[in-house]
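J.: In order, the protein sequences belong to chains A and B.
So the mapping is simple: the numbering used here equals the position in the first sequence, first residue as 1, plus 45.
So the mapping is simple: the numbering used here equals the position in the second sequence, first residue as 1, plus 2.
Note that the Cβ used here is the ideal one computed from N, Cα and C, for glycine as well.
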Amino acid sequence: MWEQYSIGLLFVFIAGVIAFYALVREKDDLHRLLLLDLTEIVGLGIVALLGTDLAEALILPGLVVGIAELLALSQVYIRKEGLRERPTPGLDIEVIRADAPLIISILLIVYGLLLSGFTGGGVAGLGVVFYIMSRGHREKFEILEMASGISWAVWIVAFFIFMFAPECWLLALFLAAIGILLKVTAKMSLVGTMWGGQP
Amino acid sequence: MIAPVPYFILEFGDELVYLSAFTLTLFLFALVFTLFALFSRPERQVDIAFGGDAYATKEISLPEMRFRRFMAIACGLASMGAVVTGDLFNFTLFVSLVGICNLGIVAAVKNKHVQEAAFQYGIVALAATVPLFGAAAMIAASTGTLSMVELWKVTTPPVPAIISAFLVLGVMGEGMAPFYAAKAEMFRAPGAPYVIMCSLSSLLIFLRVIEIVLVI
Chain A
46 MWEQYSIGLL
56 FVFIAGVIAF
66 YALVREKDDL
76 HRLLLLDLTE
86 IVGLGIVALL
96 GTDLAEALIL
106 PGLVVGIAEL
116 LALSQVYIRK
126 EGLRERPTPG
136 LDIEVIRADA
146 PLIISILLIV
156 YGLLLSGFTG
166 GGVAGLGVVF
176 YIMSRGHREK
186 FEILEMASGI
196 SWAVWIVAFF
206 IFMFAPECWL
216 LALFLAAIGI
226 LLKVTAKMSL
236 VGTMWGGQP
Chain B
3 MIAPVPYFIL
13 EFGDELVYLS
23 AFTLTLFLFA
33 LVFTLFALFS
43 RPERQVDIAF
53 GGDAYATKEI
63 SLPEMRFRRF
73 MAIACGLASM
83 GAVVTGDLFN
93 FTLFVSLVGI
103 CNLGIVAAVK
113 NKHVQEAAFQ
123 YGIVALAATV
133 PLFGAAAMIA
143 ASTGTLSMVE
153 LWKVTTPPVP
163 AIISAFLVLG
173 VMGEGMAPFY
183 AAKAEMFRAP
193 GAPYVIMCSL
203 SSLLIFLRVI
213 EIVLVI
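Here it is in structure tokens:
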């Protein structure tokens, strides 16, 4: 097992050297920002090589922190360059201007609800992303934030049940599944809003 | 290997917080400076025109002041977490949180030079998460645990020096803000007490990583 780990580590380090070399060579600020994302993935690769449950538990916070830093940095970049937001229309395709996105999104969301948990959140989120992307939109961020907050609270409640009333584990499991479904859905739909529109 | 003598260990499963003489001191430092940031008023600079009597006081707008104060307090909380936690991965997360907060404190100033410096710092901080998280993962791979209490036991195999070096490299990258602050623009920027938080938090995480490297 150690041999495999070492070989994997070797490959990840080679990737890291390439990514950092690119970062050193690049002079354009925007391109450096994009290359930073590449180096992030190298870091996640090192974590993933652990190959245990622990790796799974460590990748998620690592990913979130990386994305948070990337978002903060891109805000600084926007401010630094004095860029303004320009309104972008939705996709200008005939099928999409009809009701197709609505139907497809509803199908995806219902299927996501049936799946529940992390995968379900992904599928339902994809539905919301698709809907928001295909419409020129003015989304309400407060609702997404509220959903995110509620899911967090549900999650904490579930953890408390796991710790203090382990005999109700099934309830806690379902609560946690609903929480992560809401959370991932909210996160994914935030990705969709980056398509355009005013925040 | 110098095992500290903790006064008190608080365990949440395998994640834990411990207070030894060293971490308690650092924690109190962070606490005091967070309270300073909470209660102090921002400095208002006076620009004096040479060769005349003219001078002007710079005003700091309320939203900007609020944002920077919030960031300074968040930075204080993150440093408190980083100095008391006994879990290595939590330590790396708190350290990168300190990095984000420092970036926020600096970047809130509406001045082109300051924002340029903040962006360069952000690039270093973001690149430093690679050795930081990488080191934590490799420590888990080589010893099988991330808990400091387990790591300072004699039975746990020692962490290879190169991995400790990666950890230190990561923390240095995250705590790089004061070096960019050495650019005069940052201190000439209004709102002085909050910039101090950058320096203090970097100092605290440097001191803590020294302890960690000595112990594991």
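Report all residues from its chain with a CB closer than 8 angstroms to the CB of Ile206 of chain A; omit the five preceding and five following residues, and keep chain order.
T.: Here the set comprises Cys213, Trp214, Leu216, Ala217, Leu220.
J.: Using the beta-carbon count (16 or more within 10 Å), is Leu148 of chain B buried or exposed?
T.: Buried is the call here.
J.: Starting from the beta carbon of Lys125 of chain A, find every residue of chain B whose beta carbon is closer than 9 angstroms, and list them in chain order.
T.: Within chain B, the residues near Lys125 of chain A are Ala109, Lys114, Gln117, Glu118, Ala120, Phe121.
J.: Straight-line CA distance for Arg70 of chain A to Ile63 of chain A?
T.: Cα to Cα, Arg70 of chain A sits roughly 11 angstroms from Ile63 of chain A.
J.: Are the region 71-81 of chain B and the region 122-129 of chain B in contact at 8 angstroms, needing three or more beta carbon pairs?
T.: Touching, no.
J.: Nearest CA to the CA of Asp1 of chain B: which residue from B:Ser42, B:Arg43, B:Tyr57?
T.: Because residue 1 of chain B is not part of the residues shown, which for chain B are 3 to 218, the question remains open.
J.: Cβ of Pro65 of chain B less than 9 angstroms from any chain A Cβ?
T.: It does not: the Cβ of Pro65 of chain B has no partner Cβ on chain A nearer than 9 angstroms.
J.: Could one say the Cβ of Thr145 of chain B lies closer than 9 angstroms to chain A's Cβ atoms, at least one of them?
T.: No, no contact with chain A.
J.: Can Val86 of chain B and Tyr9 of chain B be called in contact, C-beta distance under 9 angstroms?
T.: No.
J.: Could you compute how far the alpha carbon of Leu171 of chain A sits from the alpha carbon of Lys228 of chain A?
T.: Straight-line Cα distance between these residues: approximately 13 angstroms.
J.: Can you pull the DSSP bridge partners for Leu37 of chain B?
T.: Per DSSP, none; premise fails for Leu37 of chain B.
J.: How is Leu94 of chain A classed by DSSP in three states: helix, strand or coil?
T.: Leu94 of chain A: coil per DSSP, three-state reduction.
J.: Quick check on Glu61 of chain B: does DSSP put it in helix, strand or coil?
T.: Looking at Glu61 of chain B - three-state DSSP - the assignment turns out to be coil, as it is neither helix nor strand.
J.: Between the C-alpha atoms of Gly146 of chain B and Val92 of chain A, what's the straight-line distance to the nearest angstrom?
T.: Answer to the nearest angstrom: the Cα atoms are 13 angstroms apart.
J.: What residue from B:Arg210, B:Met82, B:Val197, B:Gly88 has the CA that sits closest to Gly219 of chain B's CA?
T.: Because chain B here runs from 3 to 218, residue 219 of chain B falls outside it and cannot be looked at.
J.: Would you kindly work out how many angstroms separate the C-alpha atoms of Glu101 of chain A and Leu95 of chain A, rounded to a whole number?
T.: Each residue's alpha carbon lies about 9 angstroms from the other.
J.: I'd like the span of the alpha helix (DSSP H) that includes Phe96 of chain B, first residue to last.
T.: It spans 90-109 - the alpha helix (DSSP H) in which Phe96 of chain B sits, taken as one unbroken run.
J.: Have a look at Leu108 of chain A and Leu134 of chain B and give me their C-alpha separation to the nearest angstrom.
T.: If you take the alpha carbons of Leu108 of chain A and Leu134 of chain B, they lie about 13 angstroms apart.
J.: Listing by chain order, which chain B residues have their CB less than 7 angstroms from the CB of Gly18 of chain A?
T.: Outside the displayed range of chain A (46 to 244) lies residue 18 of chain A, so it cannot be described from this structure.
J.: Between the region 69-95 of chain B and chain A, which residues of the former have a C-beta closer than 8 angstroms to a C-beta of the latter?
T.: Here the close residues are Phe91, Leu95.
J.: Does DSSP put Gln49 of chain A in a helix, a strand or coil?
T.: Reduced to three states, the DSSP call for Gln49 of chain A is helix.
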